[in-house]
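Participant: Quick one: structure below, then a few questions.
In our numbering, the protein residues as written are 1497 to 1635.
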């Protein structure tokens, strides 16, 4: 499988250029909370997270989804995205280094428009998948 940017040459099995991000830090979480308006204490208050049975705060699921959105928009213009959905499969902890990847799994035609279905995911530096999803993009 190869990284493909020429959409006219796209084929099933092609991969998107991966997106690797810096380790999740408390600063990352604070900035995301401020930018998104999601100030859920489980993500920013260590005492609250521990009282809830966690060892520490952890990343917002929507932060990782935003990273996947960035993976897609670094590959195609955002106006080409027809749908984008995910399922959260694990917790992204402090110190995790997230890599987003994607693979073309189908080429479609819908109402005369050529589209690709792409499976996407995030995984940490240990290979643990944290989010899986898919997107439909116009070619």
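For every residue, glycine included, the Cβ atom is placed at its ideal position computed from N, Cα and C.
1) Here's a check: name, in chain order, each residue in its chain whose Cβ is nearer than 8 angstroms to the Cβ of residue 1535, leaving out the five neighbours to either side.
2) Closest by CA to residue 1594, which one among 1600, 1601, 1586?
3) Specify, as a first and last residue, the run of the alpha helix (DSSP H) that residue 1524 falls within.
4) For residue 1559, collect the residues of the same chain with a Cβ closer than 7 angstroms to its Cβ; drop the 5 residues on either side in sequence, then sort them by chain order.
5) Closest to residue 1626 by CA distance: which of 1614, 1539, 1512, 1555 is it?
6) So, are the CB atoms of residue 1526 and residue 1538 less than 9 angstroms apart?
Facilitator: Taking the definition as stated:
1) Stepping through the chain shown from its first residue, residue 1535 is reached at position 39. Within the same chain, residue 1535 has close Cβ partners 1529.
2) Counting from 1 along the chain shown, the entry for residue 1594 is found at position 98. Ranked by Cα distance from residue 1594, the options 1600, 1601, 1586 are led by 1586.
3) The residue you call residue 1524 lines up with position 28 of the chain shown. Unbroken alpha helix (DSSP H) run through residue 1524: 1522-1532.
4) Here residue 1559 is taken as the residue at index 63 of the chain shown, counted from 1. Same-chain partners within the cutoff: 1528.
5) Mapped onto the chain shown, residue 1626 falls at position 130. The option with the nearest alpha carbon to residue 1626 is 1555.
6) For the purposes of this step, residue 1526 is identified with residue 30 of the chain shown, where counting begins at 1. For the purposes of this step, residue 1538 is identified with residue 42 of the chain shown, where counting begins at 1. Cβ distance not < 9 angstroms, so residue 1526 and residue 1538 don't count as in contact.
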